[in-house]
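K.L.:
My structure is below; once you've seen it, I'll send some questions.
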Amino acid sequence: MIQLSNISFAYSKGRPVLENLDLVLQAGHIYGLLGLNGAGKSSLLYQIAGLLFPDHGTARVLGMEPAQRSIEFLQSVYLLPEQSAASSLSAISYAAVHGAFYPAFDQEHFSLLLKQFDVDPRRPLDAMSYGQAKKAMIAFAIATRVRIILMDEPTNGLDIPSKRQFRKVIAGALQEDQLMVISTHQVRDLDNLIDYLLVLKDRNVILNASADHITSRILFRNTMDPQQEAGLLYAEGGLKGYAVLLKNTHGHDSKLDTETFFNALLTEKEAVLAVLNQNPTNHGILA
Numbered sequence: 250m251i252q253l254s255n256i257s258f259a260y261s262k263g264r265p266v267l268e269n270l271d272l273v274l275q276a277g278h279i280y281g282l283l284g285l286n287g288a289g290k291s292s293l294l295y296q297i298a299g300l301l302f303p304d305h306g307t308a309r310v311l312g313m314e315p316a317q318r319s320i321e322f323l324q325s326v327y328l329l330p331e332q333s334a335a336s337s338l339s340a341i342s343y344a345a346v347h348g349a350f351y352p353a354f355d356q357e358h359f360s361l362l363l364k365q366f367d368v369d370p371r372r373p374l375d376a377m378s379y380g381q382a383k384k385a386m387i388a389f390a391i392a393t394r395v396r397i398i399l400m401d402e403p404t405n406g407l408d409i410p411s412k413r414q415f416r417k418v419i420a421g422a423l424q425e426d427q428l429m430v431i432s433t434h435q436v437r438d439l440d441n442l443i444d445y446l447l448v449l450k451d452r453n454v455i456l457n458a459s460a461d462h463i464t465s466r467i468l469f470r471n472t473m474d475p476q477q478e479a480g481l482l483y484a485e486g487g488l489k490g491y492a493v494l495l496k497n498t499h500g501h502d503s504k505l506d507t508e509t510f511f512n513a514l515l516t517e518k519e520a521v522l523a524v525l526n527q528n529p530t531n532h533g534i535l536a
């Protein structure tokens with residue numbers, strides 16, 4: 250569905266944000282796009298959405314060139330930015346006006362999502378709190394039913410109950426012919442939600458792998474003494490001992506700890522990628 254080839258992009262000469270980036274994303278998956286602040290996550294999403302154009306390289310989305318911004322393309326891709334423009338319209342009026350641009354827009358589902366998010370459909374968006382307005386726009390993005398949904402830091406401004414509801418809604422939102430990319434630097438917000446991880450670092454995607462692939466190669470556990478653990482890749486201290494990443498040499502099951510894995514990849518990149526790249530499968534495309 251999405252194919253980026255040798256993409257380079259800079260806002261100013263000599264300071265590239267993305268450099269020689271290759272990326273292939275397929276339908277039926279929720280991708281978590283992780284990276285530190287300023288890593289280029291928003292720039293990458295805007296390249297896919299056709300709102301920024303590469304200095305070098307090519308982008309194909311659903312077989313179309315995003316920069317052309319054809320009607321078919323605009324009806325098939327929706328980007329929810331981190332900051333949405335304030336609107337004096339109510340949520341229900343906003344949907345009536347803007348939903349018309351998306352042929353598959355589902356008004357009934359939009360109303361249901363507003364109810365699940367506890368958002369007043371009659372209240373003007375610019376009279377809502379930041380978090381309430383954010384939830385209304387998340388509901389709109391999902392209700393468009395477009396093939397590709399891109400969300401830039403959607404959990405910013407949400408309280409803990411709303412983040413829990415967000416995960417529940419997203420988990421049940423994806424259809425087989427859809428693809429979703431969710432960017433965040435609040436890594437724990439995506440736990441138990443995404444099935445593929447993308448990590449952006451040093452102007453490129455250093456990891457594109459499924460959660461299943463990661464846990465098949467790396468064992469996640471807690472321990473009081475990491476030095477006693479065989480195959481230690483990374484250890485991170487906490488109140489209840491250490492969260493560790495170990496080589497999963499015996500095929501044990503464990504739950505992906507997204508935040509600890511992300512921290513490990515930032516500090517022990519070569520060691521972690523070496524383990525993941527052994528006997529490559531189609532579950533991961535790793536740099």
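For the sequence shown, this note's numbering gives the first residue as 250, with consecutive numbering after it. All C-beta atoms, glycine included, are put in the ideal place defined by N, C-alpha and C. Since we're looking at a predicted model, the values are computed, not measured.
(1) Could you check the C-alpha separation between Gly533 and Ala335 for me, to the nearest Å?
(2) Is it the case that the stretch 304-320 contacts the stretch 490-505, given that we only count it when at least three CB pairs across the two stretches are under 8 Å?
(3) For a test of the three-state rule: what should DSSP assign to Glu519, helix, strand or coil?
(4) Considering only the beta carbon of each residue, do Ala316 and Gly289 sit closer than 7 Å?
(5) Compute the beta-carbon to beta-carbon distance between Ala390 and Ile398, rounded to the nearest angstrom, for a pair I have assumed lies under 8 Å.
(6) Opposite Leu363 in the DSSP bridges: which residues?
(7) Quick one: is Gly287 near chain D, going by C-beta distance under 7 Å?
(8) Distance, Cα to Cα, Val521 vs Thr507?
(9) Go through the stretch 274-354 residue by residue and report every complete run of the beta strand (DSSP E) that reaches 3 residues or more, in order.
(10) Do Ile443 and Gly281 come within 7 Å of each other at the CB atom, strictly closer than that value?
(11) Determine the closest residue to Thr433 out of Lys417, Gly406, Pro410, with distance taken between C-alpha atoms.
(12) Three Cβ pairs or more, each shorter than 8 Å: is that satisfied between the stretch 340-348 and the stretch 359-377?
(13) Would you mind working out which of Ala345, Ile251, Phe510 sits nearest Leu272, comparing C-alpha positions?
(14) For my contact list, Pro265 and Ser257 are in at a C-beta cut-off of 8 Å; report their separation, rounded to the angstrom.
(15) Expressed to the nearest angstrom, what Euclidean distance is found between the alpha-carbon atoms of Ala388 and Tyr379?
(16) Tell me whether Asn269 is buried or exposed, calling it buried when 16 or more other Cβ atoms sit within 10 Å of its Cβ.
(17) Throw me the rounded Cβ distance for the Ile463 and Leu446 pair, which I believe falls under 8 Å.
(18) Skipping 5 residues on each side, what residues in its chain have a beta carbon closer than 6 Å to that of Tyr327?
(19) Who are Gln257's beta bridge partners in DSSP?
(20) Mapping the DSSP letters down to three states, classify Pro370 as helix, strand or coil.
(21) Within 10 angstroms of the Cβ of Met400, are there 16 or more other Cβ atoms? Answer buried if so, exposed if not.
(22) Quick check: Asn497 and Leu468, are their CB atoms within less than 7 Å of each other?
(23) Report the rounded CA-to-CA distance for Glu478 versus Leu495, giving the unit in angstroms.
(24) With H, G and I counted as helix, E and B as strand and the rest as coil, what does DSSP make of Asp461?
(25) Using CA atoms only, rank isn't needed, just tell me which of Asn453, Asn286, Leu294, Leu363 is closest to Gln414.
P.N.:
Quick answer:
(1) Because the pLDDT at Gly533 is just 48, under 50, the model does not fix this residue reliably, and the value given afterwards should be weighed accordingly. Going from the Cα of Gly533 to the Cα of Ala335 covers about 40 Å.
(2) Too few Cβ pairs lie closer than 8 Å, so no.
(3) Glu519: helix per DSSP, three-state reduction.
(4) In this structure, Gly289 does not lie closer than 7 Å to Ala316 by Cβ.
(5) Rounded, the Cβ-Cβ distance is 6 Å, consistent with contact.
(6) Bridge partners of Leu363: none, in fact.
(7) Absence of chain D from the displayed structure is noted, only one protein chain being present.
(8) One C-alpha to the other measures close to 14 Å.
(9) Here the runs fully enclosed are 279-283, 305-310, 326-329.
(10) In this structure, Ile443 lies closer than 7 Å to Gly281 by Cβ.
(11) Ranking Lys417, Gly406, Pro410 by CA distance to the CA of Thr433 puts Gly406 first.
(12) Yes, the stretch 340-348 is in contact with the stretch 359-377.
(13) Here the closest residue by C-alpha is Ile251.
(14) A Cβ-Cβ separation of about 6 Å places Pro265 in contact with Ser257 under the 8 Å criterion.
(15) Distance between the alpha carbons of Ala388 and Tyr379: 14 Å.
(16) Result: exposed.
(17) At roughly 7 Å, the Cβ-Cβ gap stays under 8 Å, so Ile463 and Leu446 are in contact.
(18) Excluding residues within five positions, the ones whose Cβ falls inside 6 Å are Ala390, Thr393, Val395, Ile398.
(19) Position check: residue 257 holds Ser in this sequence, whereas Gln was assumed. DSSP links Ser257 through a beta bridge to His305.
(20) If DSSP states are grouped into helix, strand and coil, Pro370 belongs with coil.
(21) Counting Cβ neighbours within 10 Å, Met400 comes out buried, since at least 16 surround it.
(22) In this structure, Leu468 lies closer than 7 Å to Asn497 by Cβ.
(23) When rounded, the distance between both Cα atoms is 8 Å.
(24) Asp461: helix per DSSP, three-state reduction.
(25) When the alpha-carbon of Gln414 is set against those of Asn453, Asn286, Leu294, Leu363, the nearest one is in Leu363.
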